[in-house]
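What follows is a single structure, written as structure tokens, with notes after it.
Protein chains: 2
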Amino acid sequence: MKLTDKKREERNRIIESARDVFKKYGFKKAAVSDIAAAAGKAKSSVYYYFKSKDKIYNAVIFSEAKKYRYRVSEAVKKINNPELQLKEYILIRLQTDKMYSNFYEAVHNFSEQDKFIKRLKQIYDKEEFEIFSNILENGVKTGFFDVSDIKYTAVGIVTAMRGIESVLLHKYEDSKAEAVIDNVLKIILYGIVKR
Amino acid sequence: MKLTDKKREERNRIIESARDVFKKYGFKKAAVSDIAAAAGKAKSSVYYYFKSKDKIYNAVIFSEAKKYRYRVSEAVKKINNPELQLKEYILIRLQTDKMYSNFYEAVHNFSEQDKFIKRLKQIYDKEEFEIFSNILENGVKTGFFDVSDIKYTAVGIVTAMRGIESVLLHKYEDSKAEAVIDNVLKIILYGIVKR
DNA sequence: AAACTTTTCGACCGTAAAAGACAAAAAATA
DNA sequence: TATTTTTTGTCTTTTACGGTCGAAAAGTTT
Chain F
4 MKLTDKKREE RNRIIESARD VFKKYGFKKA AVSDIAAAAG KAKSSVYYYF
54 KSKDKIYNAV IFSEAKKYRY RVSEAVKKIN NPELQLKEYI LIRLQTDKMY
104 SNFYEAVHNF SEQDKFIKRL KQIYDKEEFE IFSNILENGV KTGFFDVSDI
154 KYTAVGIVTA MRGIESVLLH KYEDSKAEAV IDNVLKIILY GIVKR
Chain H
4 MKLTDKKREE RNRIIESARD VFKKYGFKKA AVSDIAAAAG KAKSSVYYYF
54 KSKDKIYNAV IFSEAKKYRY RVSEAVKKIN NPELQLKEYI LIRLQTDKMY
104 SNFYEAVHNF SEQDKFIKRL KQIYDKEEFE IFSNILENGV KTGFFDVSDI
154 KYTAVGIVTA MRGIESVLLH KYEDSKAEAV IDNVLKIILY GIVKR
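Line by line, the protein sequences are chains F and H.
One rule links them: number in the working numbering = place in the first sequence (from 1) + 3.
One rule links them: number in the working numbering = place in the second sequence (from 1) + 3.
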């Protein structure tokens, strides 16, 4: 089965529908027949394009990660001050997470022993760290930041931000969350910025 | 099985958990084991308090309807002008519906032939009409409104409002929806208000 | 603390819905 | 018309679910 243009297009249509369904129900409760219905096809037709439910989910995650990365990189590209880049990055991250919170439940909260979910988590994490590392790297290059080990710094800060976010998402409304983020950001920056 | 205080309390805890789960997944996709987990109990324990999934759902609907009625009556109690009461009622209704839209999906849209759902619809509708009738009745008593048959007027207006709402909910954002409601209200009122 | 009641829970059952396989129908292309 | 691509209905197998039951655990009463 080779991938013609038409086929790729049809595949993408299914991915979009699948994303909506996964977003609404989460991985487990979303049935392939739901996805098929949302795409206006029979279940079997979906299986013509994807080998399994897992593969569909995989494709959705990849697609969303790509969009997400694009959004961030576009936003960051327009800013030349690494401090503001950092802020922008975290804000978009927060926003995106909220938007897809139900959907990303699988990536964030799922029961640990699931190998498939673990794999996805790795992919998602890798994206995350790469984006963040780039910002840091850029900051170092332009002399704004002073970081000895970019990799481990990225891991540390991203992990910390996640912990904060998960609390913010559930307990506070948007405006307050942004204020908290703002303050945390200040703390991170003034421990990092060259004096 | 008699209802002690402790039992009633435990029942209510389960109802609250069930409400969250139903709200998230809708009736069909919500599993009793999900509800049990949310309540921190085993599935069998839930069945100790409720005979069936249907009964749980029933209890949730009743509980929510009660809360809803209370909210409206409290809000309306503070206003002595029937015109404003009417407006308040419709605004709260709109708001509540939006809040629980996913959850009430069962009440509003479910496939017709389901007897159980039909029954719930009746209950829900009855609550609705009673509240609305009270406002109308009060308006007539205080000489603000001039309605010949309260019952049928209530049915007519509530039904019309529902139609409008269902469109508003999906197609417009809050501010615009409120403007539309406002105008429709004006039309209703000036066909009703004594000159 | 024995006897009894209330509550919790794990194991189990039958059914219904799910994932996935597959061959044949339908549509598109040559 | 012959050939390839795409769609779909049907079938099998597996899993998930609603609901039951009896026994364990916790709580009360005597």
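Don't be surprised by glycine CBs; every beta carbon is placed ideally from N, CA and C.
To the nearest angstrom, how far is the alpha carbon of residue i from that of residue j?
{"i": "ARG74(H)", "j": "ALA62(F)", "result": "45 Å"}
{"i": "ILE190(F)", "j": "PHE25(H)", "result": "41 Å"}
{"i": "LEU89(F)", "j": "GLU77(F)", "result": "13 Å"}
{"i": "ILE134(H)", "j": "ARG72(H)", "result": "7 Å"}
{"i": "LYS129(F)", "j": "LYS80(F)", "result": "20 Å"}
{"i": "ILE153(F)", "j": "GLU67(F)", "result": "26 Å"}
{"i": "GLU91(F)", "j": "ILE18(F)", "result": "28 Å"}
{"i": "THR145(H)", "j": "LYS70(H)", "result": "27 Å"}
{"i": "TYR28(H)", "j": "TYR193(H)", "result": "42 Å"}
{"i": "ASN137(F)", "j": "ASP57(F)", "result": "30 Å"}
{"i": "PHE53(F)", "j": "ASP8(F)", "result": "16 Å"}
{"i": "MET164(F)", "j": "ILE95(F)", "result": "13 Å"}
{"i": "ASN112(F)", "j": "LYS32(F)", "result": "With a pLDDT of only 45 at ASN112(F), under the threshold of 50, the placement of this residue in the model should not be trusted; the figure read from the coordinates follows. So the two alpha carbons sit approximately 15 Å from each other."}
{"i": "LYS44(H)", "j": "GLU12(F)", "result": "46 Å"}
{"i": "ILE93(F)", "j": "ASN141(F)", "result": "16 Å"}
{"i": "SER55(H)", "j": "GLU86(H)", "result": "43 Å"}
{"i": "TYR50(F)", "j": "TYR50(H)", "result": "38 Å"}
Can you list the residues of chain F that residue i reaches, using a CB-CB cut of under 8 Å?
{"i": "LYS46(H)", "result": "Here the premise fails: no neighbours, minimum Cβ distance about 17 Å."}
{"i": "TYR28(H)", "result": "TYR28, LYS32"}
Apart from the five residues on each side of it in sequence, which residues of its chain come closer than 6 Å, Cβ to Cβ, to residue i?
{"i": "LYS46(F)", "result": "VAL35, SER36, ALA39"}
{"i": "ALA21(F)", "result": "ILE38, ILE59, VAL63"}
{"i": "ARG14(H)", "result": "TYR52"}
{"i": "LYS10(F)", "result": "none"}
Sorted by chain position, which residues of the same chain lie with C-beta nearer than 8 Å to residue i's C-beta, five sequence neighbours on each side aside?
{"i": "ASN84(F)", "result": "PHE147"}
{"i": "VAL143(H)", "result": "ASP149, VAL150, ILE153"}
{"i": "ALA41(F)", "result": "SER20, ALA21, ASP23, VAL24"}
{"i": "ARG16(F)", "result": "ALA42"}
Leaving aside the five residues before and after residue i along the sequence, list all residues of the same chain whose C-beta is less than 7 Å from its C-beta, in chain order.
{"i": "THR156(H)", "result": "LEU139, VAL150"}
{"i": "PHE132(H)", "result": "ALA157, VAL158, VAL161"}
{"i": "SER48(H)", "result": "ALA39"}
{"i": "ILE82(F)", "result": "GLN88, GLU91"}
Quick check for students: name the residue ranges of the beta strand (DSSP E) that lie wholly in the region 5-47 of chain H, counting only runs of 3 or more. none
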